[in-house]
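What follows is a set of notes on a single structure, which appears directly below.
In our numbering, the protein residues as written are 100 to 149.
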């Protein structure tokens with residue numbers, strides 16, 4: 100499963116950066132964000148129909 104991670108602006112919470120990662124990478128990104136106090140939003144990535 101893949102997840103979309105949006106990094107949010109500290110002031111107004113608007114997305115400033117977007118990345119899509121596999122499930123194994125989510126924990127590492129959450130730990131990094133927590134260590135510097137960065138706000139993120141994680142949601143399942145959209146999958147395109149084949």
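Virtual Cβ for every residue (Gly too), placed ideally from N, Cα, C.
Item, Value
"Cut-off 8 Å between Cβ atoms - residues of its own chain near residue 114, not counting five sequence neighbours on either side", "105, 106, 107, 108 and 140"
"Sequence-distant residues of its chain with Cβ nearer than 8 Å to residue 129 (five each side left out)", "139 and 141"
"Collapsed DSSP secondary structure at residue 115 in the structure displayed", "strand"
"Segment limits, beta strand (DSSP E) that includes residue 103", "101-107"
"Endpoints, the alpha helix (DSSP H) within which residue 125 is located", "122-135"
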